[in-house]
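Structure record follows, encoded as structure tokens.
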Amino acid sequence: MKIKASANGPYLIEVTEATLRKGDTEEKIERKTIALCRCGHSANKPFCDGAHKNAGFEADAVELEVN
Ligand code: FES
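Numbering-wise (my numbering), the sequence shown opens with residue 3 and increments by one.
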């Protein structure tokens with residue numbers, strides 16, 4: 003699995019299907035890329051909602067490969 007973090011933005015994970023469990027709810031996610039907040043300002047955590055732009059979040063782009 004490869005996890006990328008865009009410069010000044012979210013973690014980007016490429017998937018074919020994922021399941022989000024929150025409390026008693028479960029949501030199937032079928033996207034090519036999931037953007038997870040790493041700035042802490044999203045109103046839709048764990049997903050990025052673009053709030054990092056107005057928050058002035060700054061961080062380097064990184065890439066983590068998990069074997
Ligand atoms: S990284 Fe985009 S809202 Fe936090």
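The C-beta atom is built at its ideal place from N, Cα and C for all residues, glycine as well. All figures in this text were calculated on a predicted structure; none of them were measured in a lab.
Quick check on DSSP: helix, strand or coil for residue i?
i          : result
residue 61 : coil
residue 55 : helix
residue 4  : strand
residue 35 : strand
Ligand 1 and residue i: does the residue's C-beta get closer than 7 Å to at least one heavy atom of that ligand?
i          : result
residue 33 : no
residue 23 : no
residue 62 : no
residue 58 : no
residue 12 : yes
residue 26 : no
residue 53 : yes
What are the residues that DSSP puts in a beta bridge with residue i?
i          : result
residue 74 : There is simply no residue 74 to check, as the chain begins at 3 and stops at 69 in what is shown.
residue 23 : 28
residue 9  : Its beta-bridge partners do not exist; DSSP assigns none.
Contact defined as beta carbons within less than 8 Å: I believe residue i pairs with residue j. What is the distance between those atoms, to the nearest angstrom?
i         : j          : result
residue 7 : residue 63 : 6 Å
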